[in-house]
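Enquirer: Residue numbers (the UniProt record's numbering): 1 to 272.
Where a beta carbon is used, it is the ideal one built from N, C-alpha and C, also for glycine.
I'd like to ask you about the structure that follows.
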């Protein structure tokens, strides 16, 4: 089995496309060198010494930064000049609603975890809360996708897109494998597991939309579940946004070459 996962061809002739199938995390064995051990110790120390005096403000800040990754931190001057006030108002209203939804979904998830383990059911419930609003109606709130999606430009198709996440049957198995890893892996440090879980969820992309937000929230929920943090508060979205080029480069490197160690080292440095 390829460490980085593999692609398989779906369909025939001009309709054929290649979708990605990630390797189960249970089959990934990391090389823990001195650098990774140092970064791991430093990450634990940072999380232990965080100033959490204003929990509500920190939680709202994480939500806002998570939405910045969706909408973009700032609109370019050129775009703002050509947009009409009406279009700007609509975008602002959508963003504000999505921010409110994400904050509500975060609080809902924490409460829901008192009764449910981290699972597909929990993530679907959280996704439903997060994707409320007329502009999200076609994004199947609370449902994992059954059709293929692709990541690329708006002009791409299944045949031309640079990345196609697992098709439904592979996605369902990958999500089940991820759940098992979350619940039954006991030998690996929680912060390293968080890095691997974040990567794996991004590659699976189980929802039509909102995968980034759910994936970042999943990291917080997992660390809460392992008692590393007590509340869903980290500067994760802010740190990923400020190093977005390295973020996507390191994810792509795992997909192409199986460089999980490089990804984990990068991710550990983003935990504050």
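Under a Cβ-count criterion, where at least 16 other Cβ atoms within 10 Å of its own Cβ denotes burial, should residue 267 be classed as buried or exposed?
Expert: By the neighbour-count rule (16 or more Cβ atoms within 10 Å), residue 267 is buried.
Enquirer: Counting along the chain, where does the beta strand (DSSP E) carrying residue 121 start and finish?
Expert: Note, residue 121: premise wrong, no beta strand (DSSP E); alpha helix (DSSP H) at 120-130.
Enquirer: Assuming residue 65 contacts residue 237 (C-beta within less than 8 Å), just tell me the rounded distance between them.
Expert: Right, the Cβ-Cβ distance comes to about 4 Å (below 8 Å), so this counts as a contact.
Enquirer: In three-state DSSP terms, what is residue 6?
Expert: Strand.
Enquirer: My parser needs the alpha helix (DSSP H) runs of 4 or more residues fully inside the segment 162-234; what are they?
Expert: Counting only runs of 4 or more, we get 168-184, 190-204 and 211-225.
Enquirer: What are the boundary residues of the alpha helix (DSSP H) that residue 140 is part of?
Expert: Here residue 140 belongs to no alpha helix (DSSP H), and DSSP marks it neither H nor E.
Enquirer: For residue 148, tell me which candidate among 141, 137, 163 and 222 has the shortest Cα-Cα distance.
Expert: Nearest of 141, 137, 163 and 222 to residue 148, Cα basis: 163.
Enquirer: Go to residue 46, then tell me how far its alpha helix (DSSP H) extends in each direction, as first and last residue.
Expert: Element bounds for residue 46: 34-48.
Enquirer: Would you be able to state if there are at least three C-beta pairs under 8 Å between the segment 100-109 and the segment 121-132?
Expert: At 8 Å Cβ cutoff, the stretches touch.
Enquirer: Does the Cβ-Cβ distance between residue 225 and residue 26 come in under 8 Å?
Expert: Not in contact: residue 225 and residue 26 (Cβ atoms no closer than 8 Å).
Enquirer: Starting from the C-beta of residue 232, find all residues in its chain whose C-beta is less than 8 Å away, skip the five residues before and the five after it, and write them out in chain order.
Expert: Around residue 232: 59, 62, 106, 109, 110, 217, 220, 221 and 224.
Enquirer: Checking 8 Å against the spacing of the C-beta atoms, do residue 193 and residue 255 come in under that value?
Expert: The answer is no: Cβ separation not under 8 Å.
Enquirer: Might you give, ordered along the chain, the residues of its own chain that have their beta carbon closer than 7 Å to the beta carbon of residue 179, omitting 5 neighbours on each side?
Expert: Within the same chain, residue 179 has close Cβ partners 119 and 120.
Enquirer: Would a C-beta distance cut-off of 8 Å place residue 145 and residue 214 closer than the cut-off?
Expert: Against a cut-off of 8 Å, the Cβ pair of residue 214 and residue 145 comes out as no contact.
Enquirer: Are the beta-carbon atoms of residue 4 and residue 257 separated by less than 8 Å?
Expert: The answer is yes: Cβ separation under 8 Å.
Enquirer: Can you check DSSP and say which residues form a bridge with residue 19?
Expert: Answer by DSSP bridge pairing, in chain order: 8.
Enquirer: Flag this pair as yes or no: are the beta carbons of residue 196 and residue 28 separated by less than 8 Å?
Expert: In contact: residue 196 and residue 28 (Cβ atoms closer than 8 Å).
Enquirer: Looking at residue 240 and residue 69, is the spacing between their C-beta atoms short of 8 Å?
Expert: Against a cut-off of 8 Å, the Cβ pair of residue 240 and residue 69 comes out as a contact.
Enquirer: Can you look up residue 274 in the DSSP assignment and give me helix, strand or coil?
Expert: Residue coverage of the chain in this structure runs from 1 to 272, which leaves residue 274 outside it and unanswerable.
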